[in-house]
Each structure stands twice: as structure tokens, then as C-alpha cells.
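J.: One structure follows; several queries about it will come next.
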Amino acid sequence: MFAIIESGGRQVRVEEDALVTVDRLDKEVGDEVTFDRVLFVAGDGGFATGTPYVADATVTGVVDALDRGPKIRVFRKRRRKAWRRTLGHRTALTRIRITGISGAGS
Numbered sequence: 001m002f003a004i005i006e007s008g009g010r011q012v013r014v015e016e017d018a019l020v021t022v023d024r025l026d027k028e029v030g031d032e033v034t035f036d037r038v039l040f041v042a043g044d045g046g047f048a049t050g051t052p053y054v055a056d057a058t059v060t061g062v063v064d065a066l067d068r069g070p071k072i073r074v075f076r077k078r079r080r081k082a083w084r085r086t087l088g089h090r091t092a093l094t095r096i097r098i099t100g101i102s103g104a105g106s
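Heads up: the sequence shown begins at 1 in the numbering used here, then just goes up one per residue.
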């Protein structure tokens with residue numbers, strides 16, 4: 001059984017007992033998270049698609065870790081002007097262990 005959820009403006013395919021990484025959520029390690037923006041649910045009983053979301057479908061999980069993504073370097077230059085800037089960025093991420101998928105299609 002799997003589902004496709006929306007979190008942080010991105011779509012993520014999830015399965016039970018899987019680890020998924022999403023943008024930083026305002027939760028602590030060990031807190032339970034419920035996603036109600038479920039776009040698609042598939043299982044043994046068939047599948048259900050949403051318009052845009054599947055009614056009464058939820059995905060639950062537990063926050064496993066709060067991480068940061070890889071460092072991204074941004075280099076900007078204006079040629080022949082002796083103007084250069086180097087910037088860095090690391091995205092804040094939340095790693096979630098999916099504990100259950102419920103709703104239509106399950």
C-alpha cells in the first residue's frame with residue numbers, strides 16, 4: 001500500500017514503515033504528524049484519486065530526526081566589474097517514519 005501526499009508544496013510518495021524527508025515542520029523528535037493532503041491512495045482494495053485531495057484519507061507518522069540538507073554554494077559575478085559574491089545555503093529538513101495510511105483505497 002502506498003500514498004502520495006503533499007507537504008511543503010512538494011509531492012512525496014510514501015509507504016508504511018518508510019523514512020521520508022520533507023521540508024522542516026514545526027515539530028520535535030518523537031512527535032506524531034498527520035498529513036491530510038493526500039492526493040492518491042493505492043492498496044489491495046483498489047485505488048482512489050483526489051480532486052485535488054482524497055476525502056477522509058490520512059497518513060500518520062512520527063518525527064525521526066531534524067536534519068539539514070547538503071550545502072549549496074551560489075556564486076554571482078558581474079564580468080569586467082570586479083564584483084563577486086559567494087553565498088551558501090542549507091535547507092532545514094524533517095525526517096519522518098510513516099506509521100499508517102488510512103482512507104479510501106486501503
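Ideal placement from N, C-alpha and C gives every residue a C-beta, glycine not left out. On a predicted model such as this, the values are computed, not experimentally measured, just so you know.
1. Let me confirm a value: residue 35 is counted as buried when at least 16 other C-beta atoms fall within 10 Å, else exposed. Which label applies?
2. Buried or exposed: where does residue 65 fall if 16 or more other Cβ atoms within 10 Å of its Cβ makes it buried?
3. Beta-carbon separation of residue 5 and residue 38 under 8 Å?
4. How big is the Cα-Cα spacing for residue 41 and residue 97?
5. In the DSSP assignment, what residue or residues form a beta bridge with residue 27?
6. For residue 8 versus residue 22, is the C-beta spacing smaller than 8 Å?
T.: Reading off the structure:
1. For the purposes of this step, residue 35 is taken as the residue at position 35 of the sequence shown. Buried, by the Cβ-count rule.
2. Within the sequence shown, numbered from 1, the residue matching residue 65 stands at position 65. It is exposed - the Cβ of residue 65 has fewer than 16 other Cβ atoms within 10 Å.
3. Stepping through the sequence shown from its first residue, residue 5 is reached at position 5. Stepping through the sequence shown from its first residue, residue 38 is reached at position 38. Closer than 8 Å, so yes.
4. Translated into positions along the sequence shown, residue 41 becomes position 41. Translated into positions along the sequence shown, residue 97 becomes position 97. Straight-line Cα distance between these residues: approximately 18 Å.
5. The residue you call residue 27 lines up with position 27 of the sequence shown. Note: residue 27 sits in no beta bridge, so no partner.
6. Taking the first residue of the sequence shown as position 1, residue 8 is located at position 8. Taking the first residue of the sequence shown as position 1, residue 22 is located at position 22. Yes, the pair counts as a contact, with Cβ atoms nearer than the cut-off.
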